[in-house]
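K.L.:
To start, I am sharing the structure in question, which I have written as structure tokens.
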Ligand SMILES: Nc1ncnc2c1ncn2[C@@H]1O[C@H](COP(=O)(O)OP(=O)(O)O)[C@@H](O)[C@H]1O
Ligand SMILES: Nc1ncnc2c1ncn2[C@@H]1O[C@H](COP(=O)(O)OP(=O)(O)O)[C@@H](O)[C@H]1O
Ligand SMILES: [Mg+2]
Ligand SMILES: [Mg+2]
Ligand SMILES: [Mg+2]
Ligand SMILES: [Mg+2]
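Protein chains in written order, with full-length UniProt numbering: chain A, 1 to 209; chain B, 1 to 209; chain C, 1 to 327; chain D, 1 to 327.
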């Protein structure tokens, strides 16, 4: 998710950068535990912040191992760690996202390969969640970010706008769907955590070490 | 507990008066349910007002029967009704008080007989409660009222003062005793209900029908 | 006050009717709802009758059944039942071998059962339960309160009654188990007596009532909430100080009604470690809401010293609404 | 937040340790506390594994034992367990006849169990429980939630597994019982997730949440508190509307953790009368705290239509920590 100059230039993300990305994403989750939990209390069961924290604590415990691996294996390993530690809905979904990315990506992907792998990962999330765009979930951030990546849009503003855009939606998937119309007017917690991850990743990749 | 002119004049308490006394005592309990309950919440289990209300509702349901009987039988009958309806500590104690009075009194007692029967009833309460004066219970009103009756003192002010005097006592009997020093500073609920009954009785006996 | 009820005057009757209907294979209602008795009586055995104020459910009616009580007399909420109830219960379940009353040590209960025993025309003995070490007997002439240890006595004596033992024997056994039993409780919130409508006491958000009774009576002292380990330490220390020698023990962690099982098992974990470090061997265990105080949050810890006799009786089959094993 | 705990991070582990220690005649702890399993396995029978977020105790670990589950996987509070837990549990208890997962219909649970089934190298079928009529399926594509009916399925399918029935047969039975089961709940107060520390929702002193879920998820609507009869009427009406023909039924009144038994039996009384007036015959009953939401005050009503087969299976012996009969 860097900003490669052309579709066909392969990106090399070295071990130090991999480590910084992992740490930045984890830190973003740790810094927003309360916010995510509050969002989930409003329309879910109030654990999303804690779930993400628990998952990324496990990831951080093994950061050396993860960062040392080539990009695909690193992504798969982190995805598997999330699956095995988060629980809830977000664990299998983020885990599936990352594991699919890991399966689809070469070690040094081109931008086109990244776009395609990200698209496949989103499809895998949909399949796992029996869900689709517009249902007030993390997909409503992942989808627009995927489009922005493909079309060269700004990932950060896209992610924020997309998270904000979940507010007026009525939830069709996730615990919030039990609320029906009462889910309207609240941001989806998974959309927010997705946006936070995007910020953390772009921030590292755009900042020199 | 009227104000007979001499120790040896027999008092006739007719059916109408008996009815008025019963109704007045019951009404006093009904009017002070919340106060008695609040006192019992402070140092007991919060049911004294309700217990007395339940007992006197049962008495009132049979007021015709009770009032029609001669004084001793009326007292015994009311005592038995309280025993069978109040439960808790106050039921057996007030029941024992009245049943003993009923057993000891002739139909038209002299003042001396009244004093003596009341003394015996207080002893019966002590035996039933394994209790004595100065332990922050109803006995601390009944005792002083008995003395005032014997010595010609004013029953109402004696009862009120005696109830007030339970405030600084440390409870040695009753649920309040579980509080130890924390029972100090509160009026004993049973002392208050005793004082209320005394007021109701004197009020009827001093007021012409 | 938020309760599932139609009104404070009918809550008890409607609840009892529900209880008997839900468990009609085990219990039957006595006349005028004065008592709940076993659906099927065993003639010839000593009849065990207990009772007390309502609001401690499943105590006592939940323990009526084979291997425990023959009848239970429910009083109004937190108010002892009246003698007519015990007399009617004894009339219904005495199979000719006499009646044992099991009574928690509150003056109201003691006096009402005492009057019943005097007024009933039959052979009755009474075991008084006073297991609550929160009440320091040196200072309180009323003596200790009877709390969760009551169900331990009901279980063990109930099993012995099933074996056909005699009245005096059962009374002695009850006294023995009571003497081997110590409890103490702590509350995190108050309860609300339905007819009163307001909390019996109030605790700040960071306070607990240490040594609370099962009617929301204030306890030893009101202190700041502490970690579970510190609470268990204080309670186990108080209990162990009042037990004779350490040895085999039953550990009962009893919820007061408003505390989830997750926390009760955590307290069990904390209490057990502390008992074992004092030389007790926890050979029997029970965790749950058995002797409650309406919706009060909190729990009590009960330890009963066991010997071979009482262990075997604890293990004997029982089939009541709230406690069932072996049948 | 007032809870018996030493800290939100250890509450689950300490509670599980206490649970297993208290019931070591019935259960044993799996490696790394990933699951709780029967102390003694029966080789050759289909293994029943359930699990879900913690905070619903005694569900699920309290139902591990002869006649019900073989293992239960406890997640964090209100968070589905992770696939490694289910895989480890299956490895431990699969006796060669295959594994049946019993899963409440929450996306988290469904997805985690699904991933476990994909990753585990063995024969696994899954029954999804979705008994909560508070969720109107016409509007919610996620479908109904699984609530207290889960324990009914666990009991009935557990008894059938004990008889030696095959995996496909048990899956069909589970689906049948689920299809015959309907529930709805109401909350009078919120619960507090230990790690969150604040109530999941707040109700005014005169409000209740009708149709609440077992994680404190808001329900159908927030309304003024009503008398028990009116509450029972609304719930029974909602349930009956979604049942097929009336007939023999199991009535389960389940407390959410903070409501005393007295009120649960009163609700049972109110619900039973309303079911019977609609032609149901309440032939089996259960009242208590079985599928809870931490300390939430409230209850749910569950009705399962019974036939001769499911009635007999309901009556079969069971010996778990939280549900015991006939052994
Ligand atoms: N079926 C689904 N498809 C996509 N995303 C989902 C789905 N279900 C839930 N989510 C996402 O997961 C988030 C909730 O995660 P979390 O609170 O950790 O899990 P749980 O809901 O099990 O408690 C929601 O905010 C939503 O973004
Ligand atoms: N042993 C006793 N002797 C004399 N009076 C007592 C004794 N125990 C309790 N009382 C009286 O009874 C009152 C409490 O009555 P009540 O609240 O109705 O019963 P309970 O304490 O069983 O709830 C006390 O305030 C006290 O006056
Ligand atoms: Mg959540
Ligand atoms: Mg009282
Ligand atoms: Mg009382
Ligand atoms: Mg969750």
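For each residue, glycine too, the CB sits at the ideal point set by N, CA and C.
Taking C-beta pairs closer than 8 angstroms, name the residues in chain C that residue 85 of chain B reaches, listed in chain order.
P.N.:
Here the neighbours are 82.
K.L.:
Thinking just about the alpha-carbon of each residue, which of D:58, D:25 and D:124 is nearest to the one in residue 255 of chain D?
P.N.:
Nearest C-alpha to residue 255 of chain D: D:58.
K.L.:
Please confirm whether residue 218 of chain C has its beta-carbon closer than 7 angstroms to some beta-carbon of chain B.
P.N.:
Chain B contact via Cβ: present.
K.L.:
Do residue 375 of chain D and residue 252 of chain D have their C-beta atoms within less than 7 angstroms of each other?
P.N.:
No answer is possible for residue 375 of chain D: the residues shown for chain D start at 1 and end at 327.
K.L.:
Could you check where the beta strand (DSSP E) with residue 252 of chain C kicks off and where it finishes?
P.N.:
First-last of the beta strand (DSSP E) with residue 252 of chain C: 248–255.
K.L.:
Over the uninterrupted alpha helix (DSSP H) stretch that includes residue 274 of chain C, give me the two end residues.
P.N.:
That run of the alpha helix (DSSP H) goes 261–276.
K.L.:
Spell out whether any CB of chain D is found under 7 angstroms from the CB atom of residue 104 of chain A.
P.N.:
No, residue 104 of chain A does not count as interfacial toward chain D.
K.L.:
How would you write the range of the alpha helix (DSSP H) that residue 144 of chain A sits in, first residue to last?
P.N.:
From DSSP, the alpha helix (DSSP H) with residue 144 of chain A extends over 139–151.
K.L.:
Please name the residue, chosen from D:183, D:270, D:285 and D:290, that lies closest to residue 241 of chain D on a Cα-to-Cα basis.
P.N.:
Ranking D:183, D:270, D:285 and D:290 by Cα distance to residue 241 of chain D puts D:183 first.
K.L.:
In its own chain, which residues sit with a C-beta less than 8 angstroms from the C-beta of residue 283 of chain C, not counting the 5 before and 5 after it?
P.N.:
These residues qualify, in order along the chain: 248, 249, 250, 306 and 311.
K.L.:
So, with DSSP's three-state summary, where would you put residue 107 of chain A?
P.N.:
In the structure shown, residue 107 of chain A sits in coil (DSSP, three-state: anything other than H, G, I, E or B).
K.L.:
Considering only heavy atoms of ligand 4 and the C-beta of each residue, which residues fall inside 5 angstroms, strictly closer?
P.N.:
The answer, residue by residue, is B:40, B:44, B:45, B:47 and B:48.
K.L.:
What does residue 145 of chain D reach in chain A if we use C-beta pairs closer than 7 angstroms?
P.N.:
Within 7 angstroms Cβ-Cβ: 178.
K.L.:
Tell me whether the beta-carbon of residue 208 of chain D lies closer than 7 angstroms to the beta-carbon of residue 220 of chain D.
P.N.:
Going by C-beta atoms, residue 208 of chain D is not nearer than 7 angstroms to residue 220 of chain D.
K.L.:
Just the C-alpha distance for residue 197 of chain C and residue 232 of chain D, rounded to the nearest angstrom, thanks.
P.N.:
Computed Cα separation, rounded: 22 angstroms.
K.L.:
Taking the C-alpha atoms as reference points, what is the distance between residue 3 of chain B and residue 192 of chain B?
P.N.:
Caution applies to residue 3 of chain B, whose pLDDT of 49 falls short of 50 and renders its modelled position unreliable; the value that the coordinates give is listed next. Rounded to the nearest angstrom, the two C-alpha atoms are 23 angstroms apart.
K.L.:
Buried or exposed, going by whether 16 or more other CB atoms sit within 10 Å of the CB of residue 1 of chain A?
P.N.:
Any reading at residue 1 of chain A must be qualified, since the residue scores a pLDDT of 46, below 50, and its modelled position is unreliable; no value is offered.
K.L.:
Got a sec: is the Cβ-Cβ distance from residue 107 of chain D to anything in chain A below 7 angstroms?
P.N.:
Yes, contact with chain A.
K.L.:
In chain order, what residues of the same chain have a beta carbon less than 6 angstroms from the beta carbon of residue 270 of chain D, not counting five sequence neighbours either side?
P.N.:
Within the same chain, residue 270 of chain D has close Cβ partners 228, 229 and 232.
K.L.:
How many whole angstroms separate the CB atoms of residue 178 of chain C and residue 153 of chain C, which I take to be in contact at a CB cut-off of 8 angstroms?
P.N.:
Confirmed, Cβ separation roughly 6 angstroms.
K.L.:
Report the three-state DSSP secondary structure of residue 3 of chain A (helix, strand or coil).
P.N.:
Summary for residue 3 of chain A: the model assigns pLDDT 49, below 50, so the residue's position carries little reliability, and this model does not support an answer.
K.L.:
Return the chain-ordered list of same chain residues with a C-beta closer than 8 angstroms to the C-beta of residue 155 of chain C, the five sequence neighbours on each side being excluded.
P.N.:
So the list reads 63, 67, 68, 313, 314, 318 and 323, once near-sequence residues are dropped.
K.L.:
What are the residues of the region 23–42 of chain B that lie near chain C, defined by any Cβ-Cβ distance shorter than 7 angstroms?
P.N.:
The region 23–42 of chain B vs chain C, Cβ under 7 angstroms: 37 and 41.
K.L.:
Compute the minimum distance between the beta carbon of residue 165 of chain A and the heavy atoms of ligand 1, and state whether it is under 6 angstroms.
P.N.:
Outside the cutoff, so no.
K.L.:
Check the Cβ of residue 73 of chain C against every Cβ in chain D and list those closer than 9 angstroms, keeping chain order.
P.N.:
In chain order: nothing, as chain D lies at least about 16 angstroms away.
K.L.:
Listing by chain order, which chain D residues have their CB less than 7 angstroms from the CB of residue 6 of chain C?
P.N.:
By Cβ distance, chain D contributes 227, 228 and 229.
K.L.:
Run down chain B in chain order and give the residues with a C-beta less than 9 angstroms from the C-beta of residue 331 of chain C.
P.N.:
What is shown of chain C runs 1 to 327, which leaves residue 331 of chain C out entirely.
K.L.:
Kindly indicate which three-state DSSP category residue 172 of chain B falls into: helix, strand or coil?
P.N.:
The answer is coil: DSSP assigns residue 172 of chain B none of H, G, I, E or B.
K.L.:
Please report the Cβ distance between residue 187 of chain A and residue 156 of chain A, rounded to the nearest whole angstrom; I am assuming they are in contact, meaning their Cβ atoms lie under 8 angstroms.
P.N.:
Actually they do not touch by this definition, with Cβ atoms about 16 angstroms apart.
K.L.:
If you draw a straight line from the alpha carbon of residue 133 of chain D to that of residue 127 of chain A, how long is it in whole angstroms?
P.N.:
Taking the straight line joining both Cα atoms gives about 26 angstroms.
K.L.:
How is the alpha helix (DSSP H) around residue 311 of chain D delimited, first residue to last?
P.N.:
Run containing residue 311 of chain D: 308–315, per the alpha helix (DSSP H) assignment.
K.L.:
Name, please, each residue of chain C whose Cβ falls closer than 7 angstroms to the Cβ of residue 17 of chain D.
P.N.:
Here the neighbours are 269.
K.L.:
Can you tell which of A:160, A:190 and A:136 has the C-alpha that lies nearest to the C-alpha of residue 168 of chain A?
P.N.:
The shortest Cα separation from residue 168 of chain A among A:160, A:190 and A:136 belongs to A:136.
K.L.:
Checking 7 angstroms against the spacing of the C-beta atoms, do residue 33 of chain D and residue 71 of chain D come in under that value?
P.N.:
Their beta carbons are not under 7 angstroms apart, which means residue 33 of chain D does not touch residue 71 of chain D by this criterion.
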